[in-house]
Each structure stands twice: as C-alpha cells, then as structure tokens.
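Student: Let me begin by handing over the structure; questions about it come next.
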C-alpha cells in the first residue's frame, strides 16, 4: 500500500527561500525603502538625469580647460584667453550647481540628517527615563540585548494585554505556552538547523565577524549617496545589487566584495569568503551532553507539534487558531539598529488552521469596510507607491488571496492603530514573488515607517500545509484533519499487493526492498507496470534502495483499482500565520507618539510621549499642589481609590513645582494628572490638550478610570465638568 | 587610602551553602516532610519502639526455635515438645502482629498509596483537558519540559496578572524585563558559574547520569519504609543521613554510596564517584564563539546589575522594590516529580532594597493581624509541628527578623490564599541555620502541601548586602545608596599615606605591592604599625602579594587619624527577596482545588476544579438548552456582551445534553454557566453549589461580570434573583 507521506514536499527543494523568506517576515529587516521605490525601471528620473548632466558638464569643463591651456600655450590674444577662462568659470559654476542639486536630491530622498536627529532625541528621552536599558551595562553590555526598564516594561505588558484581549479572547483562540529550549529534532524538521543562516565574512587578521550582505549594502548605499561622480549606469548597477541582495549566493556575494575591494570596516583588513552561520543559540539538554538543543528562533513550532492535541481540544473541528506569546532568540552576527534588531525578543504568534478548500471567514464583513494603505506586488513592480484600498475590494479583486488572510490583515490594522500607531505611516506590503517561499499562498507584512525607514513589524502569511507536513514526515505522527461526508462516497483506490512468497523465493535477502519499492509506486507508474506485466509477463523494475533493476514477474504482484466507500476526507490543514514582533511595534510606537512643545518657563523644548491611555505605562499621577498634610491626605485617599479601581498611577509628594512635575509625567506619557489644590475638589489635567477640569475628590478616581479605559472620551468629560485655568498649575 | 570594597565578603567563603541554600529556596525541593518531623531527637516514638519490639520478638522467636530443636534432638517428652512449639507459634503470631503495626505506622506516615492515587486522578484530568502537555510529545518529549495547553495557559496568565496587581501595582514596584541569555561575567560575579552545581554519578557502563543525593535518599527511604528488620539504631543512622544529605561533601556522599552498595537503578551497574555538574544551560553569544553565556538560572541578577539606574529612577530614595517576571532555566540532571521539577520555568521575583539600619515597613500594620501556620526554626529543632501564629506577634517576638520581611510574608499569604490555595495546607517554614547562607539575615519558605509532600513554592529571604556587593566588586561600579545628613557630621577617618619616594628607593620593582599592602590595612592593624614604628623605627611587615615580609621604616609611611566633615552616609542596601515559582504554585493550586462528586446520570465520579473566578481559565460558558436558531441568537448576543465586558467565556452550541456540558466545564473549573432556555431570561448556574438562578437576557453579562470580578458575591446574587430548579438542567 502507498504511504501517507509520499506526497510531502521535500525540504531540500525550498533552497535559499528558507533563509530569506520564512524568517524574514519578522526580524530580518526588509530592503530599504529606496529599493522598494526603485525596484524596477523606470529609475527615479531627477537623480538619473542629474547624474547624466553632471557627467556631461564634467566633460565640458574638461574640454574647456584643455582649450584654455591650448590658447595659453599658443600665446593667443589675451582677450581670447580671458573669454575662454570666463566660459570655463561659468561651466564650473554650472557643474557646482548640478552637484548641489544632486546632493539635495540624494539627501532629501533619505532625509537622513533629520531622521537621525529625531531618532537621537527619542532615544535620549527613552534612555534617560529608563524605558529601556542596555542589558548588563555595568559590565559593558552585550550587543543586541536590552532590558525594558519600569515604564518600558509597563508599556510592553499593556501591549501584550491588549493583544490577548484583541486576538485570543475576542477570537476564542487556544493559547499555549511552550519552552524556549527545544531539542534539535524539532528544528531539524522545521528546516532551521540546515537553513536558518546568514552569510558571514571574517576579518582575516582579527577574526571579527560581519554580515556579508550588510557590508555590500553599506558599500552600495554609501557610494550612491556620497559619490557624485559615479555614472548613471554605475548607479543603476549598484541599485540592482541592492535589489537582489537577498538572492545572492555565497559565491556571488564573495565575488562582489572582492570586485569592489570591500575590507573590514574597523581595520581595513582583507575579508574571508562568505560562509553560512546558523543564527540559533545552541545548547545541550541534560547532563550527558548527548541531546543537542537550541533556543527557539520563533514560537510557532511549539504550536505545530501540538496540532493533534489542539485539534482534539477544539472538538476535531476546523477552523481554529492557536496563539503563543513568548521569547525567541536569534544569535545575530552583528546587531545594529538598536531595539529593532536584537538577539532576544518577544514574539506573539497566531497559527490559524483552515481547510485549504475553504478559506472564507464568517467575520470578514466586520473588517471589509476598512480602508488603509496597501502596497500590492503589482504597484511595487511598476514603481508606484502604496495606495489606500478598501479591504473588501482587495479580497474581492484577488489582490489579497483569501478572506481569512484578509480578515487578519484587518484585525492587525485595528490592533496597531488601537495602540497608537499613526495610520499614515502604516502600510501592508505584499511579498514579491522572489521574497516568498514556494509553498506560501500569499504573504503581507505590516510595515511601520520609522527613522530607520519602513520596518516590518507583523508578518501575515498563508503558509499552506508546509509546517504540518514537515512534522508529519519527521515524526511519523499524522498531523491531519478529517471531514466527515454527509453520505459515504464511492472512490477508486489503487491497491498494490506484492506476493511475498514469490518475491521471497526470487530475491531472498533483498525481498523487503523490492516489496517496499513496489508499494511506493504512484498510480501512473503502477498502472503502467500492470499493463506491461500483462503483455510481457516480465518487466525490469528499478529498486532505488538497491541501486539496481530487478526483474518482476506477473506472479509477484497484483495491481488493481478497487471501489471503496469513503466516509471522510483526510487532509493537512493550511495555516495562516500572523506573527508579531512586539519589540519592534513598541519601538515604532515610541517614535510615532513622541513630540516636543515649548516650555513657558524656560527657553527649552519639553518632550511628550502621546501614548493612548491603553498603553500608557501609568494612567495618572497624583500630587498635592503644595507640601501640606491636608493635601497629602487627600492625595493618598485618591491613590487608594485608584488602586481599588485597578488604575496604575503614581503619587508624587516632592515639593517640585507643578510645571516640572507635569513635564516629568509628560515624558513618561502619563495621560492624566490630578493636582490636589483643595480638600473638596481637585484639578484633572489631560496631557496633550493641557485642558484642566475641576472634579470632586470623591469622583476623581472614577472619572480617571472611565477616561483611561475608554468608557468616556475626554471631550465628553470636558463638556461635563467645570473648566480650570491657572497659570501656576501649567508649565 | 583604603579602597571602598576592601570589606566585601569574598565569594570563596560561602562554600557549599551556595548550592544548597541560595538556590534551593525555590526549585530544589526541601527535605521530605519526614525529615522535618524527625530532624532531631526525640525520634518518633511508635516507630522506634515498634522496631525495638520487633527486634526483641525476633530474638525471642529465634531462642524459642532453638529450644524446640534442642527438645526434639534430646527426644524430650511429646507434650513438652508440643508446648514449646505452641509457644513458638504464639511468638511468631506476636512478631507478625508487630510487623503489621510497624508496616501500618510507616505507610500511614507516608500515606503514599492514597497520595499516588489522588495525584494520578488529578494528572489524568489535567492531561486529558490539556492543562499541560509533555513538550515535543510527537518526538517522544524531553524530560523536564512541559507546555501549558489552553486552560493551563489561561490559569497561568491569570495568576501572573493577579501577581502584577497584588505586588507591582499595589506596592508601586519598578518592574523590569531582562534577557534570558546572560554573559558569563554576570553569573561569575553572582557565584553561579563556580557554585551552582549538583553532585552527579554515572553508570560506569552505559554513561547514564543520576543525582548522587537522590540515589542515596531513595536508598534510605526505601530501606526505612520496606525493610522491617533493620534495627532502631540503623533506622536512626539512615534518618540522620537524610537530615544531613544537603551538607555531605562529594567524598562523604561517594563513601556512603559505596558502603551501601548502591548501583545504577536501571542496570544495577556500578557507579562512578560523585562529581559536581553545573546546572546552567551553556551557550555562546555572537558568531565568534568567544563570549560564553548561559541561560539565567533566576531573574534576580538582571535587577541587581540595574540597581544604580533603578535607584536613580526612584529619586535616589530607599526603600524601593524592583520586580521581574520571566523564564529561568536549570539543566536538571534527572528531572522527576512532573511539573514540580522542570528544566524551564517562570519565576516572579521581587528585590526590595532597604537601608540595613531601618527595616521597618510603613504598611506592616495592614498585615499584622493575619494568623496562619508558621514553622519557626525552634519548633523544627524541638520536633514540634507548625503552629498558628499572629504575624504581628512573630515580628514583635523576633521570630521573624524584621517588619519588612514580615510584611512580605503577610502579602505572600494573601496572594496564595487569594488564588485558592488552602490555608490549612500552607505554612511558612523558617530556614534552619544549616540551610541558610552565612550572609542571610533570615529566610522563610512558603510551603504548600501536595501529594509530593510539603513543597517550597515561594522563598522569602533577607539576603543582606551580598548580591550588590558581589557585583560592585566584579564590575567596579559602586552599587550603593546615600543618606544625606541633615547637618554635616564630624568623623575620624584613618589616613594611610605611603611615602612613594622612600619606598621606591628601598623596594624598586616591588614598590607597587608594598604600597598596596600598606593601603589595604584595616584600622587596628594600621594603628599597631604606627605605634611600632614610633617605638622601633623599623618593623617587619607581611606583603601577601609578594609572599614574604619586608622591613618598613618610619620614613616610609604616615599613618594618622583625621577629623573630617561627612555630609552623607554611603552604604550598600540590604535586599529582601520574595521569589515565586509560578509553575509550582499552579500545580499545588490544581491539587488543592480538585475534587470529585457523583454523577446522577451514571455510576461515575465527575471531576471538578473549584478555581476561584480570579484564576479560572474561562469565567463562563454559554449554551442554548436545545439546538434552535432563536436560542443560538440569544447565546451569541450574550457572548457579545461578555466580550465587551472583557469576560473570557466559551459558547457551546453542540447538541450534547446539558448535564454533559456542565460536566465538561466543571472539569475545566469554569465557575459560571448560562443556559439559554428562553428568549427573555436565562439560567445562571454556579459550579460548586450547583445553585441556579433566573436572570434577564439583558442583565446576564453584567451579573456574570460582577460575580467573576468579585464585585458581588454569589450569596448576594442568590438572594437577589429568583431561583431555578430543573432536573433536566442538572446532571
């Protein structure tokens, strides 16, 4: 009989797609935006024509220079020489002007100066207020490892709580919690042991390691941005390299590094050839040293290996989704980009299992009317920009492969904007054909624009049946679903029945190999053999496990097609996987909500994180206007009510000026502040508008609870309560 | 001048305390309860006297047997022989009776049969309902690694949310989130690299590894329980070994294993000598292989290395507490005891930093009236049992070292009982002197009784300044606090001023060693040297870094005491550390809330987890009484309201009988069930009482929200709403 997993795709065939796609969705940053904008001809017109004009003008300057020299050498008339020099100077001016334009074009398309200044301002505030800390800082730290300090940790825990509410609870997902330490066999099946690599080069003298593609990318970007004298053709070549960077083989990458003379950035020493480095942290489980293990590079595999139990838990019904929040680990070669590329991070992943023949979604209508920036493959290929598209239309037109994938895109949009991500700087970009694994049906990344460019923060992929099949093959445990037919169906089944006695007599010790080879035949091959045996009585038959042909006689095997009643369909479910890089989302949120405003008191800028109450690390601060026991008692009373209401807050009884205390809490993104300035009523201030209202002491906690939890809007509260304006209470 | 960290305790001096104390608090299970009960004389009377009686009776039987044989050999009178035989038989009966009593005493003190049956029943339900799953099960699993399945994961997430509310929010703690991957230098400073070991023995033929102390413990326990013929003296020896097991050196442990002829449990092969095995998972950070790293064995170190930043964040004020929830890892030699001894687990740790001179706590009064089982050192030493003590009294009498430690003991008690831990099976056990690290001021474990005995689930230790000093010494970064004096204080300071020129002339290449040795002198030594120099002009002085004495002349060093104004006190804070093994608490909670009740329908037991709503994985199920569209619509409407109210629930529209559906949700510990049996009102049922009330459809969600969140009690709801009794709706 045929084996169940004869049809499973071999893991050997997905080649380099493994590295550059399955794992890029989340943490290998996407090609820089310039690549997306310039991916195919037409190339960006102004830059190109300026480069061409500059090259032309250079040669004109050269020619004119020669002419001046010739006139001088020929002792020509002074007025003639002067005229030629004047013409040369004017050409030089024209050249300088073109250079300036080109420089401006290049730097405006990057805006790198502004971006870096902005990033520095955000980072300064984040570090000073301990949103994050370089891990193990007193020992010099470790690249790619960061701690969340108190406010960062609170933001993270709020983001995760909202994720759990928005996805797990609202969609009745099955949440699981699996270990980080994972035995090798699991990651061998998933392909990580063999394919989860980046190409690395070593400084041949110091041994320092670099990511090969990063060095080449930096070289190309640097050349394009700073070298005004390269030709349009050269620029085109460099851009092409940037475009195909992820597809380059180790040999091609090595050849380019040699060709461009790229050396080690720190020492200028020569570099080794590129070779693959596995990005998983390796360890050993148990005392014997015989069980190799890794720290998981993603949480998804823990869900796949539990499919059978989870399917049973769900009453053996599809569709259902499992979810997991947890740490994942990637031993990056040389982490850069701060919080965006780290060696340990929190992932939140959903694996939604569906019948591959029915990817409709009952709640799709709830998101169909959403409109947001989408960047389908076709727009990217034709050099256009992302466009606002209605989600229902995207699915109806087949831009998004199916309703379930579309539903998750919509839910991710609601999640991110609910956190405070600016929807004008959020787009859903479809993977290009060369980015996507061969088995994937469709794949979209939620990209958020930051000072580092467009950052992939959520990957939403229809991965078909790939993962469950890989684990079925490796473990021998059938990870399949069943669909009972309302009525049994009659089907034709191929039956291959080797006659063991005859085969045993003929092949003795090899009989097992022959029998297995016969049973492994697919339908077409089997029916051809049957026909051959009927006409020729003897047929040559290849047994690959013996590495030779044997002669099969008609008496050795019976091949037939039999009618059979089938009661159910057995199939491997497809999986749709939204995978969230929580740290990246949080970093982008920091950038999107950060702003500054002038201080009234002094000539300085005040920093504000405009977090929505949902994610704010603390919802409210409480402080007495002046240090006195009565006010402090009122503040403590309000604090007690806030604790009882479950509203995180901070009480500040330092004698600092109210303006300074407001500035401090604005920097932490605290949305509300209560100033105790009487024993009967208090002032409640909203962070962004700086509006202030008067509220009864007894009511204060419940009003804050309502606005913090979104039960009432600030606008509503603003209309209900008397306003308060006091210069002393403002900064 | 003297160096700041000259006074720091060297890490070499804490010896074996390291392994058996600092790290046992949480995950190395405590000695078995029998040890605690029998730790010191008087030994348990009945067992001892029975063993003695049995030994006496055995020798009586032997004597009488000899007599019978002698009579027979001497061909004595038949009546005489018969009488002797009768006496022998009666002695044998008496011996059998004593054996039976001893057997009963031994097994009742263990209750092992019942305990195992109960544990099996709980585990069966937990596994069948996917509370937990053996990790990577389709690949045969890995010892000591478990997944939480959907209901287990929900319970865990509820426990953590409550922990965050109860500790972090209510106490305004500074929560941080640090990586699991930790560079070696940090764990070298903390002592883990050198001392975090267990003693291991290997099967000399197969190489299989075992924990040496476990083999010896098993041998002793087995002998004590099953061998009725050992003498009271032998029993005493074995019990003594159990008592001092943690203190045995590798040599002593090896000698005992040899003496008792203990072999490998699986093969009976001989065993190697015991040697230390480090329990940390090792890895390597970055591509060069040059940065050794480990998976953290606890989360605490991440807090200690951040002390300086956190102190600053807290406005440079003490006391304050930092907290962290996260994964920790211990590569156990051979994990046993299911969920209680695992290789990866979630810890929740608090490091409360205080001034060592003021360990009072402003909120102690809030817990002072709590009364619960405490097991102070003295009671353990005198062989008594744990006693109910009022916390305020325990602190006042000095049983608990200080108010802050006492406050946390009280808060831990409230936390655990709030989760549903039975307070009759919860005790706070003080560490014995030999269990406690030399630097610790006091240490209490919250122990919960389970089928495995009393299990250490929370360790609450006053660790003094040990950890901050260790990191100060290793990193060179002063992890200290400052207390500004209201007025500057005049203090006498020792000043040691070596005269470099003179020393250089005298000692040339060794001058640095001599200068450092002079500067390192403590006050007493320095003043003695000063006196000697004044009287003798020349003094022999030991320079340990040179390994010899040198001659110091009066001209070479000036020693004086100077008056100085000090504006502040600089000191290393003490740290009080409550450390929670979340997985252990959850497992004990499973055992404490599990019960069975008879089914009405069939002759079987129904399983119930009586979780309080706070931790229940789902708060409510909703199901239509019969399958019909009207009822289903009502069910969906209620489900929507519950979602909006943030109440996790499940809607079950299968046609299964109501009784079966109740049984299913009881097994998951769902506290409330709504049965839709009309379109205007519904039946709401409470799990444990099986009471049912009638509630309006519109009101259903808000009533469930109120009782689930503890705003209203079920008793209150029961009095407010009409009751419902229907045989069909019950099982």
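Chains as they are written, first to last, in our numbering: chain A, 286 to 1016; chain B, 286 to 1016. Glycine included, each C-beta is placed from N, C-alpha and C at the ideal position.
Residues in its own chain within less than 7 angstroms of residue 825 of chain B by CB, not counting five upstream and five downstream?
Tutor: These residues qualify, in order along the chain: 834, 836.
Student: So, does the segment 657–667 of chain B touch the segment 711–721 of chain B, judging by three or more C-beta pairs under 8 angstroms?
Tutor: Contact holds: three or more Cβ-Cβ distances are below 8 angstroms.
Student: Mark residue 534 of chain A as exposed unless 16 or more other C-beta atoms lie within 10 angstroms of its C-beta, in which case mark it buried.
Tutor: Under this definition residue 534 of chain A is an exposed residue.
Student: Are there 16 or more other CB atoms within 10 angstroms of the CB of residue 802 of chain B, so buried, or fewer, so exposed?
Tutor: With 16 or more Cβ atoms within 10 Å of its Cβ, residue 802 of chain B is classed as buried.
Student: Taking the alpha carbon of residue 339 of chain A as the reference point, which residue from A/586, A/494, A/382 has its own alpha carbon closest?
Tutor: Closest by alpha carbon: A/382.
Student: The beta strand (DSSP E) with residue 827 of chain B in it runs from where to where?
Tutor: Element bounds for residue 827 of chain B: 823–828.
Student: Spatial neighbours of residue 916 of chain B within its chain, please: CB distance less than 6 angstroms, with the 5 preceding and 5 following residues excluded, ordered by chain position.
Tutor: Same-chain partners within the cutoff: 909, 961.
Student: Are there three or more Cβ pairs, one per stretch, closer than 8 angstroms when the segment 749–765 of chain A is compared with the segment 578–595 of chain A?
Tutor: Touching, yes, given that three or more Cβ pairs across the two stretches are closer than 8 angstroms.
Student: Residue 434 of chain B touches chain A at which residues, Cβ-Cβ below 8 angstroms?
Tutor: Simply 459, 461, 591, 594, 595, 598.
Student: Can you give me, in chain order, the residues of the segment 623–647 of chain A that have a beta carbon less than 8 angstroms from any beta carbon in chain B?
Tutor: Cβ contacts with chain B: 628, 629.
Student: Span of the beta strand (DSSP E) holding residue 837 of chain A?
Tutor: Segment 833–838, the beta strand (DSSP E) holding residue 837 of chain A.
Student: Is there a C-beta anywhere in chain A that falls below 8 angstroms from the one on residue 439 of chain B?
Tutor: Yes, its Cβ sits closer than 8 angstroms to a Cβ of chain A.
Student: Taking 8 angstroms as the CB-CB cut-off, is residue 850 of chain A touching chain B?
Tutor: Chain B contact via Cβ: absent.
Student: CB-CB under 7 angstroms to residue 412 of chain A, same chain, minus the five flanking residues each way: which ones, in chain order?
Tutor: Within the same chain, residue 412 of chain A has no close Cβ partners at all.
Student: In the DSSP assignment, find the beta strand (DSSP E) that holds residue 770 of chain B and state where it starts and stops.
Tutor: Here the beta strand (DSSP E) through residue 770 of chain B covers 766–783.
Student: So, for residue 780 of chain B: in the same chain, excluding its five sequence neighbours on each side, which residues have a beta-carbon less than 6 angstroms away from its beta-carbon?
Tutor: Contacts found: 845, 847.
Student: Name the DSSP beta bridge partners of residue 659 of chain B, please?
Tutor: Answer is B/672, B/713, bridged to residue 659 of chain B.
Student: What is the rounded straight-line gap between the Cα of residue 757 of chain B and the Cα of residue 1000 of chain A?
Tutor: Those two C-alpha atoms are separated by around 52 angstroms.
Student: Which residues does DSSP list as the beta-bridge partners of residue 611 of chain A?
Tutor: Answer is A/632, bridged to residue 611 of chain A.
Student: At which residue ranges does the segment 882–958 of chain B contain complete beta strand (DSSP E) runs of 3 or more residues, listed in the order of the chain?
Tutor: DSSP runs (the beta strand (DSSP E)) wholly in the segment 882–958 of chain B: 890–894, 905–909, 934–936.
Student: Would residue 730 of chain A and residue 743 of chain A qualify as a contact pair, given that the criterion is a beta-carbon distance under 8 angstroms?
Tutor: Against a cut-off of 8 angstroms, the Cβ pair of residue 743 of chain A and residue 730 of chain A comes out as a contact.
Student: What are the start and end residues of each continuous alpha helix (DSSP H) run of 4 or more residues lying completely inside the segment 442–512 of chain B, in chain order?
Tutor: Complete alpha helix (DSSP H) runs here, min 4: 469–474, 477–480, 497–511.
Student: Taking just the CA atoms, how far does residue 564 of chain A sit from residue 481 of chain A?
Tutor: Each residue's Cα considered, the two are about 6 angstroms apart.
Student: Is the segment 918–927 of chain A in contact with the segment 459–475 of chain A, if contact means three or more CB pairs nearer than 8 angstroms?
Tutor: At 8 angstroms Cβ cutoff, the stretches do not touch.
Student: How would you call residue 494 of chain B, buried or exposed, if buried means at least 16 neighbouring beta carbons within 10 angstroms?
Tutor: Flag for residue 494 of chain B reads buried.
Student: What does residue 846 of chain A pair with, by DSSP beta-bridge criteria?
Tutor: Residue 846 of chain A is bridged to A/779.
Student: Please confirm whether residue 612 of chain B has its beta-carbon closer than 8 angstroms to some beta-carbon of chain A.
Tutor: Yes, residue 612 of chain B counts as interfacial toward chain A.
Student: Can you find a C-beta in chain A that's less than 8 angstroms from the C-beta of residue 550 of chain B?
Tutor: Residue 550 of chain B does not count as touching chain A.
Student: How is residue 653 of chain A classed by DSSP in three states: helix, strand or coil?
Tutor: Correct three-state label for residue 653 of chain A: helix.
Student: Where do the N-terminal and C-terminal ends of the beta strand (DSSP E) with residue 751 of chain B fall, by residue?
Tutor: Counting along the chain, residue 751 of chain B falls outside any beta strand (DSSP E), though it belongs to the alpha helix (DSSP H) covering 751–760.
Student: Taking just the CA atoms, how far does residue 764 of chain A sit from residue 880 of chain A?
Tutor: Going by the C-alpha atoms only, they are around 51 angstroms apart.
Student: Within 10 angstroms of the Cβ of residue 1019 of chain A, are there 16 or more other Cβ atoms? Answer buried if so, exposed if not.
Tutor: Outside the displayed range of chain A (286 to 1016) lies residue 1019 of chain A, so it cannot be described from this structure.
Student: Please state if the CB of residue 968 of chain B and the CB of residue 937 of chain B are separated by a distance shorter than 8 angstroms.
Tutor: Taking 8 angstroms as the Cβ cut-off, residue 937 of chain B and residue 968 of chain B do not qualify as a contacting pair.
Student: Are the segment 423–440 of chain A and the segment 553–571 of chain A in contact at 8 angstroms, needing three or more beta carbon pairs?
Tutor: Touching, no.
Student: With respect to 7 angstroms, is the separation between the Cβ of residue 338 of chain A and the closest non-hydrogen atom of the ligand NAD below this value?
Tutor: Of the ligands one can find in the structure shown there are none, so the ligand NAD has no counterpart to examine.
Student: Counting only the same chain and skipping the five closest in sequence on each side, list residues whose C-beta sits under 7 angstroms from that of residue 652 of chain A.
Tutor: Once the five neighbours on either side are set aside, the close Cβ partners of residue 652 of chain A are 676, 692, 695, 696.
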